[in-house]
Amino acid sequence: MTAKQQAPYPSTEIQWLIASDLDGTLLDHFSYSHQPADATLAELEASGIPVILNSSKTRDEMLELRRVLNNQHPFIVENGSAIFIPRGYFPHKPERAREEAGYWVLEPGARRDCILDFLKQDSEAHGAPYLNFAAASTAEIVAATGLSQGEAEKANQRGYSEPLLWQGDTQQKLAFTARANASGFATLQGGRFLHVLGQTDKGLATKLLKKTYQQYTDRDCKLIASGDGPNDLDMLKVADIAIIVRSPAHQPPTLSHHPSLIVTRETGPRGWAEAIAEIFAPDSASTERART
6 MTAKQQAPYP STEIQWLIAS DLDGTLLDHF SYSHQPADAT LAELEASGIP VILNSSKTRD
66 EMLELRRVLN NQHPFIVENG SAIFIPRGYF PHKPERAREE AGYWVLEPGA RRDCILDFLK
126 QDSEAHGAPY LNFAAASTAE IVAATGLSQG EAEKANQRGY SEPLLWQGDT QQKLAFTARA
186 NASGFATLQG GRFLHVLGQT DKGLATKLLK KTYQQYTDRD CKLIASGDGP NDLDMLKVAD
246 IAIIVRSPAH QPPTLSHHPS LIVTRETGPR GWAEAIAEIF APDSASTERA RT
């Protein structure tokens, strides 16, 4: 590193990892802009602090966002269902990882074909008061999500989970959720969709990836996690420092009894950058959290 490329955050005995949600956190809720976070992302990269993208999005959606964000680190897809690690990122392939198209893949979740088998059998016995992506046309996904046609096609190229646009009543949903759990699957209510996935979540996948990082360094790995919604709480709970990014669309989720919690003043990527600056600021109350 040359004199002009000094890392803005000094080296410590800790290897910091930052896991972050995308929509409403690194991406603006309305415009999907990441510009307010760009300078901070560049500073973290220069300091050797990886930002791990952790989202409900699919692999193909995440690959495009990683390109836009100039991010080359591992990433977590479909609410903790799979971890994609660029091949060669670590000195050797992690145990239980498989190789796929230039990535080492860890799969704490369930494959989509297993989920679709369950949905088929369940619908034959109990009906299907929902529209699921695998049975929907691209036009129907566009209408349900507001995505463009190309974005909708990427969103339907799923590997590990299935979104359902629920059209039944609450009692039907509760009964369906119970049957899914009994069959070894989990359900997660997102903004508009009920996601069916394996027995995993953003927190379990993040813990697994943190453990993987720890295997390749003598420094103590510690985690900063950031998100804006209820489906981020599992990730925030396992973090050493949790950042709840304020949203213009809903109240911050409740995270009780966390030892080190920041709730941002600003929303979206501006709030995210504000929190990272607070954590690493030399004269702030957060200094000891980031440097000890």
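So the sequence shown is residues 6 to 297, counted in the working numbering.
For glycine and all other residues, C-beta sits at the position ideal for the given N, C-alpha and C.
Limits of the unbroken beta strand (DSSP E) element including residue i
i    : result
P168 : E167 to W171
D98  : First, the residue type needs correcting, since residue 98 is Lys and not Asp in the sequence shown. Neither: K98 is in no beta strand (DSSP E) and is coded neither H nor E.
G232 : D225 to G232
E20  : Checking the sequence shown, residue 20 turns out to be Gln, not Glu. Run containing Q20: I19 to S25, per the beta strand (DSSP E) assignment.
E105 : R103 to E105
I81  : F80 to V82
L111 : Y108 to L111
A247 : I246 to R251
I54  : Run containing I54: none; DSSP gives neither H nor E here.
Terminal residues of the alpha helix (DSSP H) in which residue i lies
i    : result
I284 : G273 to F285
V73  : R64 to L74
R117 : R117 to H131
Q162 : Segment: none, Q162 is in no alpha helix (DSSP H) and carries neither H nor E.
Q40  : Q40 to A51
A316 : Examination of residue 316 is not possible in this model, given that the chain is present from 6 through 297 alone.
A140 : No alpha helix (DSSP H) holds A140; DSSP gives it neither H nor E.
A210 : K207 to Q219
L238 : L238 to K242
Candidates the options, of which the one nearest residue i by Cα
i    : options                   : result
A24  : A286, E100, S252 and C226 : C226
P41  : R275, E50 and P258        : R275
A210 : W21, D223 and A230        : A230
R71  : G93, D26 and L111         : D26
N236 : Y218, Q219, T205 and K216 : T205
K215 : N59, D28, T30 and D43     : N59
L49  : L22, V110, W171 and M67   : L22
D233 : V268, D245 and T217       : V268
T63  : N84, H39, R184 and H78    : N84
A106 : C119, P91 and F95         : P91
L68  : A282, L121 and Y108       : Y108
H78  : G53, I281, E66 and S128   : G53
S142 : N161, A130, L124 and E104 : N161
T17  : L193, D223 and F89        : D223
A286 : E129, T45 and I81         : T45
L74  : T272, H39 and I88         : H39
K207 : R270, C119, D65 and A244  : A244
E271 : S265, P264 and E283       : E283
Classification of residue i by the beta-carbon crowding that lies within 10 angstroms, buried from 16 upward
i    : result
N76  : buried
A115 : buried
S86  : buried
W277 : buried
Y221 : exposed
G155 : exposed
H262 : exposed
P55  : buried
G29  : buried
Q126 : exposed
D122 : exposed
A187 : exposed
A8   : Because A8 sits at a pLDDT of 33, beneath the cut-off of 50, its placement in the model cannot be relied upon, and the point is left open.
S153 : exposed
Residue i at chain D interface by Cβ criterion, 8 Å
i    : result
D245 : Protein chains in the displayed structure number just one, and chain D is not present.
Any non-hydrogen atom of the ligand ADP closer than 7 Å to residue i Cβ
i    : result
A102 : In the structure on display, the ligand ADP does not appear, and there are no ligands present to speak of.
Query raised in the report: What are the start and end residues of each continuous beta strand (DSSP E) run of 3 or more residues lying completely inside the stretch 177-202, in chain order?
Result: Here the runs fully enclosed are 191-194 and 199-202.
Requested in this report: Say whether the stretch 29-36 touches the stretch 251-265, bearing in mind that this needs 3 or more beta-carbon pairs closer than 8 Å, one atom from each stretch.
Outcome: yes
Requested in this report: Answer yes if the stretch 90-104 comes into contact with the stretch 186-202, meaning at least three C-beta pairs across the two stretches below 8 Å, and no otherwise.
Outcome: no
Query raised in the report: Are three or more beta carbon pairs between the stretch 161-177 and the stretch 122-136 nearer than 8 Å?
Result: Of all C-beta pairs linking the stretch 161-177 to the stretch 122-136, three or more are shorter than 8 Å, placing the two stretches in contact.
Query raised in the report: If you pair each beta-carbon of the stretch 105-123 with each one of the stretch 158-166, do three or more pairs fall below 8 Å?
Result: The stretch 105-123 vs the stretch 158-166: in contact.
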